Amino acid sequence: MLEQTGLELVNWARAQFALTAMFHWIFVPLTLGLSFLCAFFESIYVKTGKEEWRRLTRFWMRLFGINFAIGVATGIILEFEFGTNWSNYSWMVGDIFGAPLAIEGLVAFFLEATFFAVMFFGWDRVSKGFHLFSTWMVAIGSNLSALWILVANGWMQFPTGMAFNPDKARFEMQNFWDVLFSPVAVSKFTHTTSSGFLLGSLFVISVSSWYLLKGRHKDMAKKSIVVASVFGLLSALFVGFTGDEAAYTDAQKQPMKLAAFEGLWKGQENAGLVALGVLNPDKRPGDDKDPFIFEIRVPGLLSLLANRSPGSFVPGIDDLVYGNSAQGVMGADEKIKRGKVAIQQLAAYKKAQQLGDQVAAETALQKFNDYKAYLGFGYLDSPEQAVPPVGITFYSFHAMVALGTLFILIFFIFLVLTMKDRIEGQRALLLLGVLSLFLGFIASEAGWVVAEVGRQPWAIQDLLPVTVARTDINVGSVKTTFFMFLVTFTVLFIAEVGIMLKQIQIGPEGK
Amino acid sequence: MIGNLDLSTLQYIWWILASIVGSLFLFMTFVQGGQTLLWQVAKTDDEKGLVINSLGRKWELTFTTLVLFGGALFAAFPKFYATSFGGAYWVWILILFTFVVQAVSYEFRKKPNNLLGTGTYELFLFINGTIGILLIGAAVGTFFTGSNFVLNEYNWVRWTNPLRGLEAAFSLFNLSLGIFLVFNARVLGALYLVNNIDFSGCKGLEPRLRKAVLVNFLCSLPFLLYFLVKLLIMDGFTIDPQTGVVSVVAGKYLANLLAMPWVLGLLLAGVLLVIWGVVATGLKEGTSGIWPAGLGTVFVGLSVFFTAAFNNTPFYPSKADLQSSLSIFNASSSHYTLTAMTYVALLIPVVLGYIAYVWHAMDSKKLGKEELLSDEAEYY
Ligand code: HEM
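Protein chains in written order, with the numbering used here: chain A, 8 to 518; chain B, 283 to 662.
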């Protein structure tokens with residue numbers, strides 16, 4: 008069915024997806040968070056009727072708008088990139104994957120687009136109440152769009168609610184609700200949107216800290232910090248909670264990803280959690296090298312977090328690659344054998360149908376059905392290919408979690424000191440406040456690295472590897488578009504940062 | 283009730299829905315058309331500001347309609363999405379690219395410290411309105427002229443022309459559809475601006491816009507005529523309803539229009555409505571020409587999409603391998619997915635409803651110069 012060619016092509020297509028997604032993800036979490044913050048600010052204005060809150064709202068909205076435009080620009084590519092670079096994927100799972108994308112457009116994007124115009128240009132054109140309503144609609148619309156795209160992404164991590172149709176050679180949806188409410192989709196949505204709220208709050212804190220350092224717009228800055236640190240603190244706590252949930256679903260649905268981001272090579276009962284560690288770069292599947300050069304471990308915690316049951320067995324990379332019969336873990340080596348049978352039988356089924364041999368077709372189909380759960384593994388050449396890059400996944404995960412803890416602290420301190428009106432003199436803290444936004448970006452991008460690099464080599468977990476999901480196209484085209492996007496997005500990004508900084512410098516009074 | 287519809291009914295419904303979204307997009311290209319008029323009709327900075335801000339309140343709706351068109355095709359006809367985007371790679375990439383640069387241009391154009399300068403962002407808007415729309419037209423043209431692809435037994439696409447979709451722009455037929463759409467967008471853009479702007483502060487702009495309506499309409503005519511005449515006389519692709527075999531027959535699209543007189547009716551009504559809008563605004567003093575012309579554009583769009591796909595016609599034919607051609611029957615999603623999506627589609631009237639409400643609320647007062655100068659307002 009498939010030649011294993013085009014690794015270079017696949018890698019460029021992957022690089023392109025990583026590039027466009029990570030660019031897009033600079034702007035989206037800010038949209039998710041700032042939209043709600045603007046809605047809070049405006050609600051306070053409408054409630055109190057105080058002019059200063061109106062000015063404050065409009066200042067943050069202006070920054071929101073600059074960010075929003077480039078978020079839209081980088082987003083449209085992603086919507087169509089599934090088709091351009093991952094055409095086999097689009098065909099094989101379009102029956103399921105297309106629906107959330109279409110729903111996203113219909114129910115979320117139009118809400119954003121329509122009410123965005125009111126939020127920006129409607130101050131004197133519609134009533135105060137309707138304007139506030141519009142601002143809330145923009146916030147709800149952007150977060151709804153996150154819901155649908157994360158449902159789609161969650162389905163790639165944990166394909167559910169579908170069945171393979173051998174006649175069409177594609178997967179078809181069987182249960183919409185299973186797709187929508189899959190545990191992975193739920194944990195993705197909650198973790199990702201709350202991380203966006205967190206980032207939006209850091210943005211407000213960062214800019215406000217800069218004003219306080221410069222001694223400008225002090226009143227506005229402090230007001231903004233209070234709202235943002237309350238929202239940020241709540242979000243950060245929720246991020247931790249949902250992050251734990253995400254790790255739990257990983258342990259259940261994507262154990263290889265969990266093993267990679269924990270650096271767990273040999274499965275253990277009562278496994279410990281690595282709080283901090285340096286990986287041994289020479290470690291390979293199946294060897295006996297020590298996986299860490301240095302590590303600090305909390306005993307027993309991983310078993311507790313991964314399975315919600317102390318002392319339980321957590322499979323490591325080696326168990327998942329070579330199997331561990333004592334613990335009832337089937338290895339990728341065995342799955343590959345079964346997957347190859349599935350592929351063979353599918354081909355035999357197709358052939359028999361072409362020849363009109365119903366009996367042979369029926370036999371092949373039955374056999375295929377017995378093995379189809381391993382279909383994707385049949386495209387792998389060696390069991391080691393089932394292992395994602397461990398280093399990037401491990402470090403990204405640990406950076407994300409460490410920063411998450413730090414943010415809780417930052418929001419808390421900012422809240423307390425601002426409430427006591429003692430924030431102004433704290434130069435070191437304010438500097439940290441300015442810096443925190445960049446740490447936030449690192450944590451947020453790292454999260455996607457964990458989720459997506461940790462999923463390799465799969466486009467659809469266990470069912471479709473990226474090598475099969477790709478488009479049949481020459482490498483040159485994908486390379487060219489890669490650089491096209493790299494250059495364009497970089498230029499637009501520099502422009503955006505320049506405009507943003509200028510607007511911050513101008514401040515809430517001017518235009 | 284929706285749960286009981288059979289597969290082929292759902293396939294028709296979804297082609298109609300996708301066609302409606304696509305045709306609404308064509309109407310909404312008044313934004314792109316307006317963008318290309320910028321340098322021509324607006325002589326001063328104030329006038330430019332008015333044009334940009336008037337369009338700037340709508341550009342996202344157009345953009346979102348395009349995204350929804352793509353999303354709806356993905357959900358309802360995934361084989362088309364996979365084949366066309368993966369196959370006709372370059373034509374889609376270039377189209378998307380023009381929309382990427384459009385998306386930042388309104389916001390960045392006048393902002394201080396914007397790196398590239400106002401002129402560059404205006405150029406981006408121009409490129410989006412010309413090349414972007416032209417290529418969309420060329421891509422739609424391939425619904426009739428066919429493309430070069432082969433699907434294997436797993437329905438994976440192999441494109442047999444090295445230009446990967448750009449070859450579409452080298453057919454006179456596709457090209458004339460594209461150019462017609464560019465001029466039509468300019469007609470609509472001028473009509474919209476006449477309707478949306480309060481000219482009391484800048485008298486010169488109005489007559490220039492009215493003239494643009496007329497001139498661009500006249501420019502669009504030869505391309506529309508070429509497209510239509512060619513469509514009626516060209517060979518077309520047909521599916522044998524018994525065997526499903528695809529073949530080429532003479533006069534297929536003429537036959538489609540004759541077999542579906544209501545589609546012919548839509549086409550003629552559409553053209554007449556556009557003419558009405560043009561005459562009312564270009565020759566007379568009317569300001570509401572955008573509405574009949576917009577509706578007319580939607581009608582023409584619908585008739586084109588229906589002619590391409592109904593009456594046993596493959597809407598995405600392959601010249602390279604006739605039997606790989608895509609029809610609404612072999613390219614669609616499963617019965618389950620189409621049913622689920624049809625429930626979702628019940629929201630379309632709600633969405634259209636609030637868009638119309640907000641549009642009215644925001645535009646009941648025309649956009650004037652004072653508003654842009656006032657300290658209170660936000661503007662691009
Ligand atoms: C505090 C402890 C945290 C834990 C335990 C945690 C846990 C996780 C896990 C396990 C994943 C991978 C989910 C998957 O399988 O795909 C993930 C993804 C992610 N994380 Fe975190 N995280 C934490 C903090 C943060 C912070 C502070 C941010 C950003 C400000 C963040 C942003 C993200 C994002 C954007 C993703 C990718 C989307 C997703 O998969 O949900 N996380 N996180």
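For each residue, glycine too, the CB sits at the ideal point set by N, CA and C.
Owing to the predicted nature of the structure, the values given are computational and were not obtained by experimental measurement.
Show which residues of chain B have a CB atom less than 8 angstroms away from the CB atom of residue i.
{"i": "residue 133 of chain A", "result": "643 and 644"}
{"i": "residue 1 of chain A", "result": "Because chain A is modelled from 8 through 518, residue 1 of chain A falls outside the range shown and cannot be assessed."}
Under a three-way DSSP split, which group does residue i fall into?
{"i": "residue 284 of chain A", "result": "strand"}
{"i": "residue 334 of chain A", "result": "helix"}
{"i": "residue 445 of chain B", "result": "coil"}
{"i": "residue 339 of chain B", "result": "coil"}
{"i": "residue 340 of chain A", "result": "helix"}
{"i": "residue 293 of chain A", "result": "coil"}
{"i": "residue 310 of chain B", "result": "helix"}
{"i": "residue 279 of chain A", "result": "coil"}
{"i": "residue 231 of chain A", "result": "helix"}
{"i": "residue 179 of chain A", "result": "strand"}
{"i": "residue 629 of chain B", "result": "coil"}
{"i": "residue 468 of chain B", "result": "helix"}
{"i": "residue 8 of chain A", "result": "For residue 8 of chain A, the pLDDT reaches just 38, beneath the cut-off of 50, and the residue's location in the model is therefore unreliable, leaving the point undetermined."}
{"i": "residue 518 of chain B", "result": "strand"}
Run through chain A and tell me which residues come within less than 9 angstroms of residue i, C-beta to C-beta.
{"i": "residue 417 of chain B", "result": "Near residue 417 of chain B there are no residues of chain A at all, since even the closest Cβ is about 14 angstroms away, more than 9 angstroms."}
{"i": "residue 492 of chain B", "result": "Chain A residues near residue 492 of chain B: none, gap ~25 angstroms exceeds 9 angstroms."}
Taking the alpha helix (DSSP H) that residue i falls in, what are its first and last residues?
{"i": "residue 578 of chain B", "result": "572-591"}
{"i": "residue 74 of chain A", "result": "58-92"}
{"i": "residue 505 of chain B", "result": "487-515"}
{"i": "residue 374 of chain B", "result": "371-390"}
Check whether the Cβ atoms of residue i and residue j lie closer than 8 angstroms to each other.
{"i": "residue 85 of chain A", "j": "residue 27 of chain A", "result": "yes"}
{"i": "residue 227 of chain A", "j": "residue 431 of chain A", "result": "no"}
{"i": "residue 556 of chain B", "j": "residue 575 of chain B", "result": "yes"}
{"i": "residue 305 of chain B", "j": "residue 584 of chain B", "result": "yes"}
{"i": "residue 492 of chain B", "j": "residue 399 of chain B", "result": "no"}
{"i": "residue 158 of chain A", "j": "residue 107 of chain A", "result": "yes"}
{"i": "residue 487 of chain A", "j": "residue 91 of chain A", "result": "no"}
{"i": "residue 233 of chain B", "j": "residue 572 of chain B", "result": "Absent from the structure is residue 233 of chain B, since the part of chain B shown begins at 283 and ends at 662."}
Which residues of chain A have a Cβ atom closer than 8 angstroms to the Cβ of residue i, listed in chain order?
{"i": "residue 437 of chain B", "result": "98, 175, 176 and 177"}
{"i": "residue 648 of chain B", "result": "Near residue 648 of chain B there are no residues of chain A at all, since even the closest Cβ is about 11 angstroms away, more than 8 angstroms."}
{"i": "residue 446 of chain B", "result": "480 and 484"}
Give the residues of chain B in contact with residue i, contact being defined as C-beta atoms less than 7 angstroms apart.
{"i": "residue 483 of chain A", "result": "Residues of chain B passing the Cβ test: none, with the nearest at roughly 10 angstroms."}
{"i": "residue 84 of chain A", "result": "378 and 382"}
{"i": "residue 521 of chain A", "result": "The structure shown has nothing for residue 521 of chain A, since chain A only spans 8 to 518."}
{"i": "residue 501 of chain A", "result": "397"}
Please list, in chain order, the chain A residues whose beta carbon lies closer than 7 angstroms to that of residue i.
{"i": "residue 375 of chain B", "result": "91 and 488"}
{"i": "residue 636 of chain B", "result": "121"}
{"i": "residue 389 of chain B", "result": "72, 73 and 76"}
{"i": "residue 287 of chain B", "result": "Here the premise fails: no neighbours, minimum Cβ distance about 16 angstroms."}
Take residue i and list the residues in its own chain whose beta-carbon comes closer than 7 angstroms to its own, dropping the five residues that flank it on each side.
{"i": "residue 9 of chain A", "result": "A caution first: residue 9 of chain A carries a pLDDT of 44, below 50, which makes its placement in the model unreliable, though a value can still be read off. Cβ neighbours of residue 9 of chain A beyond the five flanking positions: 386 and 475."}
{"i": "residue 316 of chain B", "result": "333, 337, 471, 474 and 475"}
{"i": "residue 380 of chain B", "result": "409, 410, 413 and 414"}
{"i": "residue 200 of chain A", "result": "39, 150 and 153"}
At 9 angstroms on the CB atoms, spell out the chain B contacts of residue i, in chain order.
{"i": "residue 180 of chain A", "result": "615, 616, 618, 619 and 622"}
{"i": "residue 479 of chain A", "result": "368, 369, 438, 439, 440 and 441"}
{"i": "residue 359 of chain A", "result": "Chain B residues near residue 359 of chain A: none, gap ~12 angstroms exceeds 9 angstroms."}
{"i": "residue 495 of chain A", "result": "379, 382 and 383"}
{"i": "residue 53 of chain A", "result": "Those do not exist, as residue 53 of chain A stays about 17 angstroms from chain B at its closest Cβ, beyond 9 angstroms."}
{"i": "residue 95 of chain A", "result": "364, 368, 436, 437, 438 and 439"}
Return the chain-ordered list of same chain residues with a C-beta closer than 6 angstroms to the C-beta of residue i, the five sequence neighbours on each side being excluded.
{"i": "residue 311 of chain A", "result": "317"}
{"i": "residue 450 of chain A", "result": "407 and 410"}
Using a Cβ-Cβ cutoff of less than 8 angstroms, which residues in the same chain neighbour residue i once the five nearest sequence positions on both sides are dropped?
{"i": "residue 172 of chain A", "result": "178 and 179"}
{"i": "residue 625 of chain B", "result": "284"}
Along the beta strand (DSSP E) that carries residue i, what are the first and last residues, could you check?
{"i": "residue 299 of chain A", "result": "299-305"}
{"i": "residue 146 of chain A", "result": "Per DSSP, residue 146 of chain A belongs to no beta strand (DSSP E); it is in the alpha helix (DSSP H), 135-164."}
{"i": "residue 535 of chain A", "result": "As shown, chain A starts at 8 and ends at 518. That puts residue 535 of chain A outside it, with no answer to give."}
Quick one: is the Cβ of residue i within less than 7 angstroms of any heavy atom of the ligand FAD?
{"i": "residue 198 of chain A", "result": "What this structure holds is the ligand HEM, not the ligand FAD."}
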